[in-house]
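K.L.:
Residue numbers (my numbering): 20 to 319.
Here it is in structure tokens:
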């Protein structure tokens, strides 16, 4: 296997012993060990792979010590340590990966304070911060990352006040704020990100007044408004989005009248109106108007 560049192992049957074999393949650039029994010792062995660019350690048995070894990968651009016991103490080591572009920290023990040393990462483009450990204070450390293209902050303590920092991310294309405390007051901050293509606001505290403002996001392709208070009035404003492809209105107050507005959005390819006020008759009319669009009315 002299030219192998990517390997993926999954499950507890794989671990440090597997890595002993992998390090004999110096061409490896991506190593995916999600849900394996890999430990800090396994990560230490991986430092022999000088060409490694992506390391995925989601749900493994690593600790902060593993990040000291991770800092020895000179070409690392992607690091996934979600669902591990990594803490703030390990973040200075992560910050010593100068080429890092993708960092996923969901469900770790990292808090707002752990983001401070990460200011050294000048090339960061994708940051995943799901979880209650993060609050508005996180933005005090994030605002230096002007090149961010994707920011995931689902289930965090982010509020409207924190979103004022979004003006620092002119390149942002994807913003995930599901199940947060964001309200209509936060929408003016969101619409400053003119390049947004993907916006997830599921279960945020917004209604038609907030949704109307989203019509300013002319690049938007994917919009998740599931379990918000949006109704037909808000949906009418979405007809101003020229590139909208996917729209989630699951569990909203939208009715057949709202579907008539959606029929005008010829770019739509997927709409979810399950558990809304829409009828089967209204859905059939929408399907006829948009034959290329998948319309979901039954909850999965």
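Quick reminder that beta carbons are idealized off the backbone N, C-alpha and C, glycines included.
Could you tell me which whole alpha helix (DSSP H) segments of length 4 or greater appear in the segment 59 to 131?
P.N.:
Entirely contained in the segment 59 to 131, the alpha helix (DSSP H) runs reaching 4 residues are, in chain order, 59 to 65, 83 to 89, 110 to 113.
K.L.:
Could you check if residue 165 is buried or exposed, using at least 16 other CB atoms within 10 Å of its CB as the buried criterion?
P.N.:
Indexing the chain shown from 1 puts residue 165 at position 146. The residue is exposed, with fewer than 16 neighbouring Cβ atoms inside 10 Å.
K.L.:
Out of 123, 26, 130, 112, which has the shortest C-alpha to C-alpha gap to residue 71?
P.N.:
Counting from 1 along the chain shown, the entry for residue 71 is found at position 52. Of 123, 26, 130, 112, the residue nearest in Cα terms is 26.
K.L.:
I'd like to know whether the C-beta atoms of residue 138 and residue 163 end up nearer to each other than 8 Å.
P.N.:
Start at 1 with the first residue of the chain shown, and residue 138 comes out as number 119. Start at 1 with the first residue of the chain shown, and residue 163 comes out as number 144. Yes, these two residues count as a Cβ contact at 8 Å.
K.L.:
Work out the CA separation of residue 297 and residue 80 for me, nearest whole Å.
P.N.:
The residue labelled residue 80 in the question sits at position 61 within the chain shown. The residue labelled residue 297 in the question sits at position 278 within the chain shown. Going from the Cα of residue 80 to the Cα of residue 297 covers about 47 Å.
K.L.:
Give me the Cα-Cα distance between residue 183 and residue 205, rounded to the nearest whole angstrom.
P.N.:
For the purposes of this step, residue 183 is taken as the residue at position 164 of the chain shown. For the purposes of this step, residue 205 is taken as the residue at position 186 of the chain shown. Taking the straight line from one Cα to the other gives about 8 Å.
K.L.:
When burial is assigned at 16 or more other CB atoms within 10 Å of the CB, is residue 101 buried or exposed?
P.N.:
Sequence index remark: in the chain shown, residue 101 carries index 82 (1-based). Label assigned to residue 101: buried.
K.L.:
Identify the residues that DSSP records as bridge partners of residue 170: which are they?
P.N.:
Here residue 170 is taken as the residue at index 151 of the chain shown, counted from 1. Answer is 146, 194.
K.L.:
Use the C-beta contact count for residue 179: other C-beta atoms within 10 angstroms, 16 or more gives buried, fewer gives exposed.
P.N.:
By 1-based counting over the chain shown, the position of residue 179 is 160. It counts as buried.
K.L.:
Using a Cβ-Cβ distance under 8 Å, would residue 71 count as near chain D?
P.N.:
Checking the listed chains, one finds no chain D in this structure; it contains a single protein chain.
K.L.:
Considering residue 206, what are the terminal residues of the alpha helix (DSSP H) in which it resides?
P.N.:
As a first step, residue 206 must be located in the chain shown, where it is residue number 187. Residues 206 to 209.
K.L.:
Considering Cα atoms alone, identify which of 203, 219, 175, 68 is closest to residue 192.
P.N.:
Against the chain shown, residue 192 aligns to sequence position 173. Comparing Cα positions, the closest option is 219.
K.L.:
By DSSP's criteria, residue 295 is part of a beta bridge. Which residues make up the other side?
P.N.:
Taking the first residue of the chain shown as 1, we reach residue 295 at position 276. Partner(s): none; residue 295 has no beta bridge.
K.L.:
Which residue from 252, 260, 256, 227 puts its Cα closest to that of residue 241?
P.N.:
Sequence index remark: in the chain shown, residue 241 carries index 222 (1-based). Closest by alpha carbon: 260.
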